Each structure stands twice: as structure tokens, then as C-alpha cells.
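S.K.: Chains as they are written, first to last, in this note's numbering: chain A, 4 to 495; chain B, 598 to 900.
1. Given this structure, state the Cα-to-Cα distance separating residue 786/B from residue 387/A, to the nearest angstrom.
2. So is residue 16/A buried or exposed if we call it buried at 16+ other beta carbons inside 10 Å?
3. Where do the N-terminal and C-terminal ends of the alpha helix (DSSP H) with residue 664/B fall, by residue?
4. Buried or exposed for residue 239/A, going by 16 or more other Cβ atoms inside 10 Å?
5. Kindly list, in the order they appear in chain B, the residues whose Cβ is closer than 7 Å to that of residue 343/A.
6. Given that residue 614/B touches chain A, what residues does it touch there, using C-beta distances under 7 Å?
7. Return no unless some Cβ of chain B is closer than 7 Å to the Cβ of residue 22/A.
8. For the structure I just gave you, are there three or more beta carbon pairs, one from the segment 420-435 of chain A and one from the segment 267-284 of chain A, closer than 8 Å?
9. Please confirm whether residue 762/B has its beta-carbon closer than 7 Å to some beta-carbon of chain A.
10. Residues bridged to residue 67/A by DSSP?
11. Which same chain residues, not among the five before or five after residue 907/B, have their C-beta less than 7 Å away from its C-beta?
12. Measure the alpha-carbon distance for residue 461/A versus residue 220/A and round it to whole angstroms.
13. Return the residues of the segment 435-450 of chain A that lie within a Cβ-Cβ distance of less than 7 Å from chain B, sorted by chain order.
14. As a quick exercise: from 88/A, 33/A, 297/A, 50/A, pick the residue whose alpha carbon is nearest that of residue 39/A.
15. For residue 618/B, which residues in chain A fall below 7 Å Cβ to Cβ?
16. For a test of the three-state rule: what should DSSP assign to residue 604/B, helix, strand or coil?
17. Assign residue 43/A to one of three DSSP states: helix, strand, or coil.
18. Distance cutoff 7 Å, beta carbons only. Does residue 621/B sit that close to anything in chain A?
19. When the Cα atoms are used, what is the spatial distance from residue 803/B to residue 810/B?
20. Would you say the segment 448-463 of chain A touches the segment 471-482 of chain A, given that touching needs at least three Cβ pairs under 8 Å?
21. With a threshold of 7 Å on Cβ separation, who are the neighbours of residue 693/B within its own chain once the five nearest residues in sequence on each side are excluded?
22. Roughly how many angstroms lie between the CA atoms of residue 848/B and residue 308/A, to the nearest whole one?
23. Does residue 856/B have its Cβ less than 7 Å from a Cβ in chain A?
24. Any Cβ of chain A within less than 7 Å of the Cβ of residue 906/B?
25. Assign residue 146/A to one of three DSSP states: helix, strand, or coil.
26. From residue 73/A to residue 351/A, what does the alpha carbon distance come to, in whole angstroms?
27. Taking the alpha-carbon of residue 801/B as reference, which of 789/B, 792/B, 814/B has the nearest alpha-carbon?
28. Restricting to Cα atoms, I'd like to know which of 631/B, 610/B, 827/B is closest to residue 844/B.
29. For the segment 834-847 of chain B, which residues have a beta carbon sitting closer than 9 Å to at least one beta carbon of chain A?
30. Between which two residues does the alpha helix (DSSP H) containing residue 185/A stretch?
31. Note down, in chain order, each residue of its chain lying with its Cβ closer than 7 Å to the Cβ of residue 712/B, except the 5 sequence neighbours on either side.
32. Contact criterion: CB-CB distance below 7 Å. Does residue 777/B meet it with respect to chain A?
33. Whose CA, out of 355/A, 102/A, 89/A, lies closest to the CA of residue 151/A?
34. By DSSP, does residue 862/B sit in helix, in strand, or in coil?
35. Would you kindly report the start and end of the unbroken beta strand (DSSP E) that includes residue 172/A?
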């Protein structure tokens, strides 16, 4: 009856993964065949008359054609933002600004389903995530900062604040709508106007947001949404009449931006890459820790700058944790992002898939032991099996470099001091996670881990009231909470 | 009984994070079960039911009716499975056994001074033997919650082991009465004690205390079963009981079972629902799935 060898014991999860399809209806969202630039309250054709295609990474089908803004378009947008700032927005009482921001928040909620569908079609993330996380959190950011608009004197007691002027904002492709909300909401609340550029792969929800902003009757030019690739972003960064650059994206581009604005009066906040350590102690609630690790690295296919991509497990529970991780990996549903049951959707682009696959190859060449889920992948589209590596060394590239995909590097540790040293041994410092039942250990770890956010017994929790930002090459400045206001005001 | 005979130290604390376990449990409810998955799931759930009547006012006539229903859930829908077992008090075991005949449906009997368990051990053993001698295939015992909460884990362990011995060939379900244990840590510890002491099933509740079965509590117990299986190679069955009266909730439980223990547990040897009104809601959903419209409750026999 009882088996003597533990390695003969295996649980089977095939039937858990093979549920009848439960697709969200695509027809509930309207996508135009072509989108123009949103400048000064109107949708305008790009002056270069160029458009580029936006595709659905889950099927490789074209979704729409997106306008490419050149220097002249950027100039027009910045001019509109400047005029709106001088003539309308900076003079408007905070309580009046708040009304507009609240209106945008409510309209996002009203059209939440449409936003979620478009976010999933355009970016490849599971509909469960865009429905339950991206869209509601984006609306919450607008609600939260709307509340601050007329209370800035309480945010900075006994200090005088004034807006910065025109904010140039560049956002990444991993959370397109949410990042737009993170950038636009605090800027508007503080009295700034905005020129924002979504990533070229994922422009659609930002353009839907432009439609809402138009319907909300926000004064023309307060928010300008222009689309394009790196050159468009560079034009925003280099425009002389922009007062502030807010950027979320790669450390590489962050450095370029920093060089470009050196010697100018432009302020900047940069939210860049990460290689977060998730640390499991032997007294942790192991099943919940494993769930947190899974959520930490496979949320949004690992396209998360604060993803817990390094896992440190105390050696006495190492085997058990790895076994639990492998079982959990098997019950993850990988596939069509529009299916309500999908846990892991499509990789955002072919380029990103190549980068991830290359790192998986490097990991194997470095001698790490790979384990991948046995899930079948769809034939078309960009997909990657959830992957974990054991037998990883601190010096391995997969343990040092940001992969930005569903790939986890696992190491063991013995003492608290050792794991603190290893966790901090990275050029990044955006986030970290600690799993233990002991409160004192949590406080010891959180004071010594050099990371902007340290989660205890949870991971990837976001709230508009909580500041977010990095140490070291993960950037500077904070977004969210009261701290997020400081990035958009002069404080005297 | 247990391969390696190593019994863990139950006085060391168990670690279950409340926020984490509740979050994980709610994830299962996000699964969207459609079409053939739904029909298969509903039929499986029906086949996992321990159809239960545990009232002071139970009569032989009531038990006979229940046994007929157990074999003929809804004859207008051909090809339906039967329930797994009928669950009654020891005094009704003989009646149930006769009524069920050779239908293959098991007779389960509660025992050990159900539902409070406030009786001396020899009374509990006699209660158990009485049920088994009358033909019970399965015995649902309650643990001594008072002793457990006092920290008398050896007492609880020995009692379960003694009842297991009294069961002979009958399978033993150990009711933890999680509503009285309150914390997830305690549920986990009680699960471990029951399994190491010889339980064939671990079961959440008597149905007499609120809260009865919940998804997070059941998840804690399923995870305990999984860890025990990896440590000993022995499979333990699970029975949430009380409070599961809707088909949709039953499907959520099956999703949870399938993702925690996998398909080897997806049958009535390894999983049961202790419920009285669940069957009719499942029947109603199955008829809706077949005909496209809901029928009124009047079309489904009440017991």
C-alpha cells in the first residue's frame, strides 16, 4: 500500500489544465482600424503621415494602425500642453481639477470591461488580470489622486507648493493603462499638464483613455497622448519646453534619458528594471510562500519590473519548496489570454520572447537545472512555458540580469546574514519579499534589504496609497501615495 | 499502516498564513467552468455526495425515503450516477443497509457521541462497534475538541487510533469540527494528528456548528493531505461537510481539489461532500444544461 520511495509519488494535473474554453467576448470592445494623435483635445493625423501596426501577440493578427508622431507633432503637443498650463490648468482651483480627475476615474470604471478586453488583446496578458487588476487599479489611482488635488497644503504642511509645468511621460508595455494612470493622475492633481507616450506595442488603451478624456471635457491640451517608438520618446525628452520627465522602462533607456537631461532644468523620476529577491525561511507558511513566489514571478508572464525573479530558500526546506513549486507549476493554465481560466498569457512581443528564450538557453549552458511546466502551448502567438532553474550560482547571468519573463532562478541559503548579502548583491533594488512567521525576523530583514518595496508574507501587492520606486539602478523618485505628489511639485 | 512510522512532534507550531490561504482559496472561484466541463463536474459532484440526515426526529421511514432517493436521484434524466453514501445515526444503520441492498451505495454512520464527542472513550468505542456490527461501511467520528484545544494532542491521537481499531474494515472519517478550532494553524495540526493516527478521511464539520466547511479550511486540509502523501505514500480522502448547498460552490471545491491533489483524487473513493440539499441544486443545473431552461424546485423530489 505504502510506497517506500518518495520519488515514485507524483500528482497528476492534466485534467485541471484541460477545462472547456471560457472565452471573454471580443465584440464587447470596439477597436478602430486606425488611431491618430490626441493633441489639444482633438485627434489629429500625424504630420509625417506615417502609421505602424499594433498586433495581438496571442495570435499575431493585426489589431489596428497607430500614428507615429515625429518632432513636429511632439512640438505641437508640448505647445498645447504649455498653453493649457499657463491659461487654464495652473489657475484652476484644486477642487475644480479634482472634479475632472474623479470623472475620468468613474468613466474608466464604467467602461472597465472594454478596457480589460483591449488591454488583453493588445498586450497578451490574461483577461483575469486585466479585469481584476490592471483596470480597477488604474481607476483607483485616479480616484486617489483626485482626492489630493485640493489638499496639497496638507500633503506638505507649512510648505508652499507650485506645479512644475509640462510633464513629459513615457510608459512601458507591461501595464499600459495602469502606467498611464500612475503618471497622469498625480501630474494633474498637482496642476501640471501632460504629454504622454505609451509604448509602441501597446498604445490602444492609452488611446481609449484619450477618448474618455475627450468625453470628460477636460480642457484642451491638459493631457496630450501621442504614439510612436523610441524617436518619439527622445523628442519628448529633448524638447526644451518640458519641465519634467517621468519614465518607466528599461535601465538602459533610463541612463540615456539621464544623460540627455543632464545640465538642463528638467526634473526626472525614473522607474527602471529589477531583479527582486524572494526569501523563504524555514518557519514560513510554505504553501502560501510558494503561492507568493508563483504570483511574484508568473504574474503578467513575468513582465513586471518588481517581479520576484530570484528565489532564496533556507536549506532545510529547500527540497520541499522546490517540490511544491513544481506541482504548482503543473496546475498553471498557459494559453489564450482571452480565456477566463488562463493563468499565463502571451509574451508581449516576438523580440521579448527571443530575449527570454535566449536567457533560458544561457541558464542551461551555465549548468543550472531547468524545470518547465508540461503544458501544451498554442501553435500561433508568442508563448513561453513557466520555467524554474535550480542549481543556480550567484554569478550566473540568469541570477544577475533582468529577464522580464516567466523564468525563476532558485538558490539556497543557510543564515540571515548570508541571504541579506546575496539579496543585496545586485545592481538593482526595486523590490524584495520575505516569508517567515517571525515578526522580529521580518523587521530585521526589511531594514537591511536595499529595495524600494519589501513585502512580508505577500508579494506584488499594489495600492495607490503606497509609494513605489527603486534603489540603485532601479531608478529614483517615488510614485504612489503622498510621495508620488512630491514628484510633481516645487516645494518651497 | 504508515510506511516510515515517524510521527511528527505535534507540539511544534503549524504555519498557515490566513491572508495567503484565503486569497488562494478565492482564486479557485475565478475559474469559469463551462459546457462539457460543467456537466462532467456536476455529475462527479453528484457521485461524491454523502446524502445525510442527522436529526433527532429521524424515523425509519425518513431513512428509507432517503435511501430510495440515493438510488433514484432524478429518473427523468437517464444515466445519472448515484450518490456515494447515505449518512445516518448508528440506530438507523440497519434500516439504511437493508434499504440500499446491493446498490453499491455505502452506509456511513456517525459515531463517538456525535456531534459533541463528550463521552468517555469506552462509550465511543461501543458506539463505533455498534454501527459497524449493524453494517456501516464507513464511520464518521468526532475528535475531542476540548482536549485538542487544551493541548492534549496525545489524548486526541490515541482516541482516533482506538476508534480506528474498533472500525475494523470500515473506513474511518475523522471530523475535526473546524468551526470550533477557529484558526487555520489548528486545523492544520488537527489534520496531521488525524492522518498519523490512522484516519482514512479527514472531514471538516458535523454540520451542527457554524461556520461549517469553507473553502480556505478545506484548502488547509487538502494541503495537509498532499504533504502527508509525499511523506508517507499513503493517500487520505477528504470530506467537506455542511454549508455546501449550491452546485456552483461544489464545482469550486472540485476545481480546488483538482489543482491541489490532482486527478487521482477526483472520485468518490477520495473525496466526498457531506450535504443534504446539494443534490437537488445539482440536478436542477444538470436539467438546465440539458434543456436550456431552469425548472422550478417542484420538479425535484425533496428527499
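We put the CB at the ideal spot given by N, CA and C, even for glycine.
Nothing here was measured: the structure is a model prediction, and the numbers come from that model.
M.R.: By the coordinates alone:
1. Here the question's residue 786/B lines up with position 189 in the second chain. Here the question's residue 387/A lines up with position 384 in the first chain. Residue 786/B and residue 387/A have their C-alpha atoms spaced approximately 39 Å apart.
2. What you label residue 16/A is simply residue 13 of the first chain in a count that begins at 1. Under this definition residue 16/A is a buried residue.
3. Stepping through the second chain from its first residue, residue 664/B is reached at position 67. Residue range 657-668 is occupied by the alpha helix (DSSP H) that includes residue 664/B.
4. By one-based count along the first chain, residue 239/A stands at place 236. Here residue 239/A is buried, its C-beta having at least 16 other C-beta atoms within 10 Å.
5. Position 340 of the first chain holds residue 343/A. Within chain B, the residues whose beta carbon sits less than 7 Å from that of residue 343/A are 629, listed in sequence order.
6. Counted from its first residue, the second chain places residue 614/B at position 17. Chain A residues near residue 614/B: 288, 291, 460.
7. Stepping through the first chain from its first residue, residue 22/A is reached at position 19. Yes, because at least one Cβ of chain B sits closer than 7 Å to the Cβ of residue 22/A.
8. The segment 420-435 of chain A is in contact with the segment 267-284 of chain A.
9. Counting from one through the second chain, the residue named residue 762/B turns up at place 165. Output row for residue 762/B: interface = no.
10. Walking along the first chain from the start, residue 67/A turns up at place 64. As DSSP reads the structure, residue 67/A sits in a beta bridge with 57/A.
11. With chain B represented from 598 up to 900, any question about residue 907/B goes unanswered, as that position is not in the structure.
12. Translated into positions along the first chain, residue 461/A becomes position 458. Translated into positions along the first chain, residue 220/A becomes position 217. Each residue's CA atom was taken as its position, placing residue 461/A and residue 220/A some 40 Å apart.
13. Taking 7 Å as the Cβ-Cβ cut-off against chain B, the residues of the segment 435-450 of chain A that qualify are 440.
14. Numbered from 1 along the first chain, position 36 holds the residue referred to as residue 39/A. Nearest of 88/A, 33/A, 297/A, 50/A to residue 39/A, Cα basis: 50/A.
15. Along the second chain, read from residue 1 onward, the residue named residue 618/B stands at position 21. Those are 291, listed as they occur along chain A.
16. As a first step, residue 604/B must be located in the second chain, where it is residue number 7. Residue 604/B: coil per DSSP, three-state reduction.
17. Within the first chain, residue 43/A is the residue found at index 40, counting from 1. Secondary structure of residue 43/A (DSSP, three-state): coil.
18. Locating residue 621/B in the second chain gives position 24, counting from the first residue. Using beta-carbon distances, residue 621/B counts as an interface residue toward chain A, with a partner under 7 Å.
19. Taking the second chain and counting its residues from 1, one reaches residue 803/B at position 206. Taking the second chain and counting its residues from 1, one reaches residue 810/B at position 213. Residue 803/B and residue 810/B have their C-alpha atoms some 9 Å from each other.
20. Three or more beta-carbon pairs separated by less than 8 Å link the segment 448-463 of chain A to the segment 471-482 of chain A, which places the two stretches in contact.
21. Stepping through the second chain from its first residue, residue 693/B is reached at position 96. Around residue 693/B, the same chain offers 660, 664, 683, 685, 704 as residues with beta carbons nearer than 7 Å, after the five sequence neighbours per side are excluded.
22. In the second chain, the residue the question calls residue 848/B occupies position 251. In the first chain, the residue the question calls residue 308/A occupies position 305. Distance between the alpha carbons of residue 848/B and residue 308/A is about 36 Å.
23. In the second chain, residue 856/B corresponds to position 259, counting from 1. Output row for residue 856/B: interface = yes.
24. Since the first residue of chain B shown is 598 and the last is 900, residue 906/B is not available in this structure.
25. Here residue 146/A refers to the residue found at position 143 of the first chain. Secondary structure at residue 146/A: helix, using DSSP grouped into helix, strand and coil.
26. Residue 73/A sits at position 70 when you count from the first residue of the first chain. Residue 351/A sits at position 348 when you count from the first residue of the first chain. Each residue's Cα considered, the two are about 25 Å apart.
27. Working through the second chain from its first residue, we reach residue 801/B at position 204. For residue 801/B, the closest C-alpha among the options 789/B, 792/B, 814/B is that of 814/B.
28. If you number the second chain from 1, residue 844/B lands on position 247. The closest CA to that of residue 844/B, considering only 631/B, 610/B, 827/B, is found on 631/B.
29. Contacts with chain A (Cβ-Cβ distance below 9 Å) from the segment 834-847 of chain B involve no residue at all.
30. Taking the first residue of the first chain as position 1, residue 185/A is located at position 182. Start and end: 179-192.
31. By 1-based counting over the second chain, the position of residue 712/B is 115. Excluding its 5 nearest sequence neighbours in each direction, residue 712/B has C-beta neighbours in its own chain below 7 Å: 739, 803, 805, listed in chain order.
32. Mapped onto the second chain, residue 777/B falls at position 180. Cβ-Cβ to chain A under 7 Å: no for residue 777/B.
33. Within the first chain, numbered from 1, the residue matching residue 151/A stands at position 148. Of the listed residues, the one whose Cα sits closest to residue 151/A is 102/A.
34. To locate residue 862/B, count along the second chain from 1; it is residue 265. DSSP places residue 862/B in helix when its eight states are reduced to three.
35. In the first chain, counting from the first residue as 1, residue 172/A sits at position 169. 169-173 is the span of the beta strand (DSSP E), which, as asked, contains residue 172/A.
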